[in-house]
Amino acid sequence: MPSSVIKYFSYDTATETLKIIFTTDMVYLYKKVPEKVYKLLKASGSKGRYFNAHIKDKFKFRKLEEE
Numbered sequence: 001m002p003s004s005v006i007k008y009f010s011y012d013t014a015t016e017t018l019k020i021i022f023t024t025d026m027v028y029l030y031k032k033v034p035e036k037v038y039k040l041l042k043a044s045g046s047k048g049r050y051f052n053a054h055i056k057d058k059f060k061f062r063k064l065e066e067e
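Under UniProt numbering, the first residue of the sequence shown carries the number 1, and numbering increases by one thereafter.
As structure tokens, then:
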């Protein structure tokens, strides 16, 4: 999963929570993200572009402490 913006991401189907760790090591949890959005992010050729267009500013989020 090479991305210049996103280091790692995972999805919890039970809570519909998308966890994204950015290359800056900042960690965000995005709430109520449909599984389809996660799957499209996973399949996207540009994770950062997909994130900016379909996730950023579209879902509530919580910033966690850096990992």
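Glycine included, each C-beta is placed from N, C-alpha and C at the ideal position.
Where the alpha helix (DSSP H) containing residue i begins and where it ends
i	result
K63	No alpha helix (DSSP H) holds K63; the beta strand (DSSP E) holding it covers F61 to L64.
V37	E35 to A43
CB of residue i within 8 Å of CB of residue j, strictly
i	j	result
S10	K47	no
V37	H54	yes
I20	Y30	yes
Opposing strand residues paired with residue i [DSSP bridges]
i	result
F22	I6
Y11	L18
Sequence-distant residues of its chain with Cβ nearer than 7 Å to residue i (five each side left out)
i	result
T13	E35
Y50	L40, L41 and S44
Beta strand (DSSP E) segment containing residue i, residue limits
i	result
V27	V27 to Y30
Close beta carbons around residue i, own chain, < 8 Å, minus the five adjacent residues each side
i	result
T23	S3, S4, V5, I6 and K7
Contacting residues, own chain, Cβ-Cβ under 6 Å from residue i (five flanking each side not counted)
i	result
E16	K32 and V33
Residue i CB to nearest heavy atom of the ligand FMN below 7 Å
i	result
M26	Absence of the ligand FMN from the depicted structure is noted, as is the absence of any ligand whatsoever, leaving it without description.
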